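Counting from 1 along the sequence shown, just add 16 to a position and that's the residue number in my numbering.
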Amino acid sequence: MRLNRLEPDDLRRRLALFLDIDGTLIDLAATPHSVTIPDMLPAVLRTLELQLDGALALVTGRSLTDVDRLFSTHRFTVGAQHGGEMRGPARQPRQEMMFVAALNRLRPRLETILPSWKGLLLEDKGRSIAIHYRQNPGVAYELKTTLQRLLSLEAEALELLEGKCVFEIKPKNFDKGDVVRALMLVAPFKGRVPIFIGDDETDRAGMVASRAHAGCAIRVGDKRDLLADGFLPSPAATRAWLRELSIRFDRGVNAAQ
């Protein structure tokens, strides 16, 4: 279905938005806790959520607690930790003992090995672990090789995702695509056309799932991604696009009255 051919009010009734946060809605920063939320962003997201009758979800590698810290004025539908945590109408993920045990075995190994490199930040989110190396990018290859070796011992339960100056260690049994698939089974998302917007390799599973539901994928900042149906150059452009979409919906509602 070609969304741009729909009238604004029809589009509003048919669309579902799935939005990554870091590098998509907000600019990346030296550390996850030093990012800045633009003043207008929470209000635009809240307005879009209302206009879409609730069919808007944030899909992120951050923990649910961290998302609520960033967006403290409203509780959005969220797929956090790459789908390891869910808030909203979909079922919560299973916490399989295999990956819990694997992460528990891995934590002391990481705490022993990682201090040998400067500038690394280990972020333990509970159901996943992120190792940020933005302050020492030259360590990328050696760090990746080391992490791959460590994860080879837990290959049945865990996998390594490579993002922008970050390596994510997460369970194999869920990803951002699972968030899309789970929410598309339930109201208010069910029966709508999903658009997934992301900027990173960790978003590709969500893009694939969106396209599998007759939706589309938008990549932020990288026109080389063959999975993407459209591109936005920066988080600022994403925010502007979302704001314009909200204005378009508002005009469509007013025209229909």
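No residue lacks a Cβ here, since even glycine has one placed at the ideal position from N, Cα and C. Everything numeric in this text was worked out from a predicted model, so none of it was measured.
Asked                                                                                                                      : Found
Integer Cβ distance of Arg267 from Pro24, believed to fall under 8 angstroms                                               : 6 angstroms
Collapsed DSSP secondary structure at Asp238 in the structure displayed                                                    : coil
Phe115 and Leu174 closer than 8 angstroms at C-beta                                                                        : yes
N- and C-terminal bounds of the alpha helix (DSSP H) containing Val224                                                     : 220-228
Reference Leu166, options Ala46, Met56, Arg121, closest by Cα                                                              : Arg121
Pairwise C-alpha distance: Asp245 and Gln28                                                                                : Per the sequence presented here, residue 28 reads as Arg, with Gln not at that position. Those two C-alpha atoms are separated by around 20 angstroms.
C-alpha gap between Phe265 and Leu44, whole angstroms                                                                      : 29 angstroms
As assigned by DSSP and simplified to three states, the class of Ala146                                                    : strand
Close-in-space but distant-in-sequence residues of the same chain around Ala156 (CB under 7 angstroms, 5 per side omitted) : Tyr149
Environment of Gly135 [buried if 16+ CB atoms lie within 10 Å]                                                             : exposed
Member of Thr81, Thr89, Ala118 whose CA lies at the smallest distance from the CA of Pro187                                : Ala118
Whole-angstrom C-beta distance between Gly70 and Pro204, which should lie under 8 angstroms                                : 4 angstroms
Counted within 10 angstroms of its Cβ, other Cβ atoms place Val60 as buried (16 or more) or exposed                        : buried
Neighbourhood of Phe247 by C-beta, 6 angstroms cutoff - its chain only, sequence neighbours within 5 removed               : Arg235, Lys239
Backbone secondary structure at Ala59 - three-state DSSP                                                                   : helix
Close-in-space but distant-in-sequence residues of the same chain around Ala96 (CB under 7 angstroms, 5 per side omitted)  : Thr76, Arg78, Ser79, Leu80, Val83
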